[in-house]
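Right, one structure below, let's go through it.
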Amino acid sequence: MTINHSVSMFKAHTEAHMKMLEMEQLKRKTLFVNVVLGLLIVPIGIALYNYGTTVGAILAYVFVFATVFAVNGVFLQYPAVFGESRLPMHVTILAVYVVFMSLVVELQSPGVFTLLFVAYAIVALYQERTATVINNVLVFLIGMLAILQYGDMFRNIGVDRTQVIDIMVFLFIFAALLSLTTSVLLKRKKHYLSQIAAIKEDEVRALEIVTALKDKYRRTPMKPEEYYDQVAEFSNALAEKIGMKNVFSDRIILMKYLDKQAKEGSDEAQETRGDTAARQAMNEVNEMLVAPQGKLQHIMYKASQLAGNDTMMASGESLRQFPSLKHTFDRMYTRIIALSAFLVVMYVDKPYLDGLSVKEVVGLLQQTDTSYLIDSDLLTLLKENRDVVEQLIELALKRGDRS
Amino acid sequence: MKTLISKIRNSDMLSYADVLKLKVSLVLLFLFIFGVLTVPVTLFEEFSLEVLIFLPTAFTTLFLFSSVMLVVNKVRTAMHFSIYTFGVLTVYYALGSNPLYGVFLMYVTLTIIIFYQDIYTYIVYGAALTLYGLIYIHQNGAQLVAPDATSVLTSNLVYQGALMGFFLIFLIYFILSEIIYEQINHDYKQTQQSIKKITLHVMTYTNELRERENHTSLHNDENLQKAVRDVSVFFASFYPDEKVDMEEYVDFYFFLHHQDLQAIYREHRQTEVEKYARELEKYLINKPNDLMQIHMSMTAKFYQGAEGAYPNTRYEFKIDENYRRKVNRIIMLACLYRYLRVENTQYDRWKRLEASLSHDDIINLINSQVFRSILSHEEVKFFLENHQLFNEYLG
Numbered sequence: 066m067t068i069n070h071s072v073s074m075f076k077a078h079t080e081a082h083m084k085m086l087e088m089e090q091l092k093r094k095t096l097f098v099n100v101v102l103g104l105l106i107v108p109i110g111i112a113l114y115n116y117g118t119t120v121g122a123i124l125a126y127v128f129v130f131a132t133v134f135a136v137n138g139v140f141l142q143y144p145a146v147f148g149e150s151r152l153p154m155h156v157t158i159l160a161v162y163v164v165f166m167s168l169v170v171e172l173q174s175p176g177v178f179t180l181l182f183v184a185y186a187i188v189a190l191y192q193e194r195t196a197t198v199i200n201n202v203l204v205f206l207i208g209m210l211a212i213l214q215y216g217d218m219f220r221n222i223g224v225d226r227t228q229v230i231d232i233m234v235f236l237f238i239f240a241a242l243l244s245l246t247t248s249v250l251l252k253r254k255k256h257y258l259s260q261i262a263a264i265k266e267d268e269v270r271a272l273e274i275v276t277a278l279k280d281k282y283r284r285t286p287m288k289p290e291e292y293y294d295q296v297a298e299f300s301n302a303l304a305e306k307i308g309m310k311n312v313f314s315d316r317i318i319l320m321k322y323l324d325k326q327a328k329e330g331s332d333e334a335q336e337t338r339g340d341t342a343a344r345q346a347m348n349e350v351n352e353m354l355v356a357p358q359g360k361l362q363h364i365m366y367k368a369s370q371l372a373g374n375d376t377m378m379a380s381g382e383s384l385r386q387f388p389s390l391k392h393t394f395d396r397m398y399t400r401i402i403a404l405s406a407f408l409v410v411m412y413v414d415k416p417y418l419d420g421l422s423v424k425e426v427v428g429l430l431q432q433t434d435t436s437y438l439i440d441s442d443l444l445t446l447l448k449e450n451r452d453v454v455e456q457l458i459e460l461a462l463k464r465g466d467r468s
Numbered sequence: 336m337k338t339l340i341s342k343i344r345n346s347d348m349l350s351y352a353d354v355l356k357l358k359v360s361l362v363l364l365f366l367f368i369f370g371v372l373t374v375p376v377t378l379f380e381e382f383s384l385e386v387l388i389f390l391p392t393a394f395t396t397l398f399l400f401s402s403v404m405l406v407v408n409k410v411r412t413a414m415h416f417s418i419y420t421f422g423v424l425t426v427y428y429a430l431g432s433n434p435l436y437g438v439f440l441m442y443v444t445l446t447i448i449i450f451y452q453d454i455y456t457y458i459v460y461g462a463a464l465t466l467y468g469l470i471y472i473h474q475n476g477a478q479l480v481a482p483d484a485t486s487v488l489t490s491n492l493v494y495q496g497a498l499m500g501f502f503l504i505f506l507i508y509f510i511l512s513e514i515i516y517e518q519i520n521h522d523y524k525q526t527q528q529s530i531k532k533i534t535l536h537v538m539t540y541t542n543e544l545r546e547r548e549n550h551t552s553l554h555n556d557e558n559l560q561k562a563v564r565d566v567s568v569f570f571a572s573f574y575p576d577e578k579v580d581m582e583e584y585v586d587f588y589f590f591l592h593h594q595d596l597q598a599i600y601r602e603h604r605q606t607e608v609e610k611y612a613r614e615l616e617k618y619l620i621n622k623p624n625d626l627m628q629i630h631m632s633m634t635a636k637f638y639q640g641a642e643g644a645y646p647n648t649r650y651e652f653k654i655d656e657n658y659r660r661k662v663n664r665i666i667m668l669a670c671l672y673r674y675l676r677v678e679n680t681q682y683d684r685w686k687r688l689e690a691s692l693s694h695d696d697i698i699n700l701i702n703s704q705v706f707r708s709i710l711s712h713e714e715v716k717f718f719l720e721n722h723q724l725f726n727e728y729l730g
């Protein structure tokens, strides 16, 4: 594994997590959209009835709503059916506009025209990039079409031909403003999601580092077999207490065996054959191994660090701010020391990672959002003088920290 | 205009205050164009003299006041007054010859309020405007439907329902945004706390391991101090106007590593010493502060640890999310208890990571709210019902 590989794995994990977060949010928004649509069925039905619409036409609307609910129901229950596609969302958007456009065409009343704004609001609930684009295009196009094709509905209430143009202008302003709003909102949301995805990967890697360090630090190596033996004894006592057969022992024997295999470098754990269920069960057992650097180590370490955290959270520390080397009221010399100390600490060898050259650090900074991290003037200076800075550090650390 | 467009493009990088400033600038620009293009034309419409004098004057005054507030950086005041200005414009159109314009402008004004993305502003101004709109439609209903319309009442209900629906759906939109944002923020805060603690442990282990190899801890390493000094002096040479001696400042920085900072703040209250110490505290290399957290985050990117595909549970630490079978969850709970009892994961009185948790400590920990991120209620209940067995066999 190279350093570049490590950084690219970091990116790959972060992007995958972002996608998962987006999908989770989409599911929640889908639920909201469907609740709103459900609530709209009754008032729309009453309005159609009052305008004297035929039962057949009303049933057609019911069919469209039912289709939307069915598709979204499948999406919420079995999201894997649709993979990464946003088909349920697109179907819903289309259906919403079909329903509202049909209402405008059928009833041809200026009051019904304002329902287009409601359609816009419903689709806006998705707060999603493609949904926003489609929403803006559709509200504008359908609005224009209604004005041009069914302009009589406005003329009937005293709006003359030139004033119809004013209505188009209103429509344009409406769509333009809301697309601007959503664009700002979406950009910020994406930024937040990327930050949370990155910090999650930071945490997992920090856990890998600290558990590896803990292992180096301990004077006697960890003995997983002691864990298994004691857990086996515990499981016997537990089975006896609740008066049932010991259902744990086979699992514990398997864990002990797999742990031993892993320590000896065998890939048996990876070579599990059988159907998907068997493989999943085996994967789960593999994640239960006490051996260092397993998932369980991370869980246990993180759990141990929650001791005393209730008081830490109550300390009122400001966490909205990202850690930075350039806080707003810092003087330039303070920022300089912060950057210099950072570069030197990165350069020094650590028990878990060889020191990183100034070039490597600058390379990473170029791939990172540094706008909140480092003073932009200092970063430019650093990029222009990376060799000089590298040499200064190398000369000062003559003792050979980077041997 | 170019700056404005570039700011919109990079709005994700701006602070909340800067984004608000950008939005107010856009609304005022839009108001100016809209006002200049439409108000003079409407002067020829059938308004009463009072309306013709009062409303355009109020519009101009409010617009100018909002602009001044923006210039003097009172951005929130400017935001409120920009909404009032739009409100005046809406009333002006509503009193004009065609009430349909009034209705449409209500939507545009609601859109402006939505644009600011502030839930409280939206609830107060949005609700007030919607209420005004409902009353307005009720009073002017006859002019909003065609003369041959079958039912004025139904038509008005549609107008009112649409306005009300628009307001309520965008209210849901705001609530949804707030829920998502709060969740992200909470998750971020929790993770940052966790990383801060891990950073402290990494620093402790690193220094202990360095000492075992006869190296001093990082902040006491004279060569490291020299390296920081030389690089700082080099960067400082590009800023000859700064009044501070950089070498002295670096010495002060390393001096702070050995001091009780709270005592310094008390002794030197409101002096230059306190100011400099507070600025530098964030960047000391023996504390899990900004600098060391960034260092942790950067080294984590380069760290070539255990590799693996991306499972959906990669960032999930709850036992029941990771282990679906009940049998497995009980085994995991037993392993976890044993780990907490025997592994040195806590600081002792000499600030070394050489202490573990007692049975009572673990009961308190498992009972705490923060531990719900690891164990579900079901697992906590199981543990409490059998805690003596845990203590007897795994302690």
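Keeping their order, the protein sequence lines are chains A and B.
One gets the numbering used here by counting positions in the first sequence from 1 and adding 65 to each.
One gets the numbering used here by counting positions in the second sequence from 1 and adding 335 to each.
Virtual Cβ for every residue (Gly too), placed ideally from N, Cα, C.
Predicted model, so just to flag it, every value in this text is computed and none were measured.
Mind checking who residue i pairs with in its DSSP beta bridge?
| i | result |
| --- | --- |
| residue 635 of chain B | BP columns for residue 635 of chain B are empty, so no partner. |
| residue 345 of chain A | The partner list for residue 345 of chain A (beta bridge, DSSP) is empty, contrary to what the question assumes. |
| residue 498 of chain B | Beta-bridge pairing links residue 498 of chain B to no other residue. |
| residue 681 of chain B | B:690 |
Could you tell me the distance, in whole angstroms, from the CA atom of residue i to the CA atom of residue j?
| i | j | result |
| --- | --- | --- |
| residue 365 of chain A | residue 671 of chain B | 6 Å |
| residue 353 of chain A | residue 433 of chain A | 35 Å |
| residue 28 of chain A | residue 570 of chain B | The structure shown has nothing for residue 28 of chain A, since chain A only spans 66 to 468. |
| residue 187 of chain A | residue 450 of chain B | 16 Å |
| residue 499 of chain B | residue 491 of chain B | 12 Å |
| residue 705 of chain B | residue 402 of chain A | 37 Å |
| residue 360 of chain A | residue 145 of chain A | 25 Å |
| residue 72 of chain A | residue 463 of chain A | 29 Å |
| residue 88 of chain A | residue 134 of chain A | 18 Å |
| residue 278 of chain B | residue 413 of chain B | Nothing in the structure corresponds to residue 278 of chain B, since chain B is present only between 336 and 730. |
| residue 459 of chain A | residue 565 of chain B | 11 Å |
| residue 582 of chain B | residue 407 of chain A | 17 Å |
| residue 379 of chain A | residue 208 of chain A | Confidence in residue 379 of chain A is poor, its pLDDT being 39 and thus under 50, which makes the residue's placement too unreliable to answer from. |
| residue 526 of chain B | residue 248 of chain A | 28 Å |
| residue 314 of chain A | residue 655 of chain B | 20 Å |
Considering Cα atoms alone, identify which of the options is closest to residue i.
| i | options | result |
| --- | --- | --- |
| residue 176 of chain A | A:287, A:116, A:449 | A:116 |
| residue 275 of chain A | B:696, B:361, B:680 | B:680 |
| residue 723 of chain B | B:695, B:513, B:532, B:387 | B:695 |
| residue 577 of chain B | A:82, A:400, A:257, A:351 | A:400 |
| residue 676 of chain B | A:107, A:395, A:213, A:372 | A:372 |
| residue 158 of chain A | A:413, A:194, A:148 | A:194 |
| residue 622 of chain B | B:547, B:552, B:664 | B:552 |
| residue 395 of chain B | B:656, B:506, B:417 | B:417 |
| residue 469 of chain B | B:497, B:595, B:524, B:478 | B:497 |
| residue 455 of chain A | B:616, B:388, B:562 | B:562 |
| residue 478 of chain B | A:218, A:313, A:205, A:214 | A:218 |
| residue 528 of chain B | A:388, A:428, A:121 | A:388 |
With burial defined as no fewer than 16 other Cβ atoms inside 10 Å of the residue's Cβ, what is the status of residue i: buried or exposed?
| i | result |
| --- | --- |
| residue 252 of chain A | buried |
| residue 631 of chain B | buried |
| residue 294 of chain A | exposed |
| residue 714 of chain B | buried |
| residue 143 of chain A | exposed |
| residue 740 of chain B | Residue 740 of chain B lies beyond the stretch modelled for chain B, which goes from 336 to 730, so this question has no answer here. |
| residue 107 of chain A | exposed |
| residue 139 of chain A | exposed |
Any heavy atom of the ligand GDP closer than 7 Å to the Cβ of residue i?
| i | result |
| --- | --- |
| residue 478 of chain B | This structure lacks the ligand GDP, and indeed carries no ligand of any kind. |
For this session: Determine which residues of the segment 269-282 of chain A have a Cβ less than 8 Å from any Cβ of chain B, and write them out in chain order.
Result: So the list reads 269, 270, 271, 272, 273, 274, 275, 277, 278, 279, 281, 282, given in the order they occur along the chain.
For this session: Using a Cβ-Cβ cut-off of less than 8 Å, give me the residues of the segment 393-409 of chain A that come near chain B, in sequence order.
Result: Contacts with chain B (Cβ-Cβ distance below 8 Å) from the segment 393-409 of chain A involve 394, 395, 396, 397, 398, 399, 401, 402, 403, 404, 405, 406, 407, 408, 409, listed in chain order.
Problem set entry | Residues, ordered as in the chain, of the segment 301-319 of chain A that lie near chain B by beta-carbon distance below 8 Å | Cβ contacts with chain B: 302, 303, 306, 312, 313, 316, 317.
Problem set entry | Under 8 Å (Cβ pairs) to chain A, residues found in the segment 656-678 of chain B | Those residues of the segment 656-678 of chain B that come within reach of chain A (Cβ to Cβ, closer than 8 Å) are 657, 658, 659, 660, 662, 663, 665, 666, 667, 669, 670, 671, 673, 674, 675, 678.
Problem set entry | Members of the segment 238-253 of chain A near chain B, C-beta cut-off 8 Å | Look at the segment 238-253 of chain A: the residues with a C-beta under 8 Å from a C-beta of chain B are 238, 239, 242, 243, 245, 246, 248, 249, 250, 252, 253.
For this session: Residues of the segment 442-457 of chain B with a CB closer than 8 Å to any CB of chain A: list them in chain order, please.
Result: Here the close residues are 442, 443, 446, 447, 449, 450, 452.
Exercise. Which of the residues in the segment 68-86 of chain A, read from start to end, lie with their CB under 8 Å from any CB of chain B?
Worked result: The segment 68-86 of chain A vs chain B, Cβ under 8 Å: 68, 70, 71, 72, 74, 75, 77, 78, 81, 82, 85.
Problem set entry | Against chain B: residues of the segment 154-183 of chain A by CB proximity under 7 Å | Taken in chain order, the members of the segment 154-183 of chain A whose beta-carbon sits within less than 7 Å of a beta-carbon on chain B are 174, 175, 176, 177, 179, 180, 182, 183.
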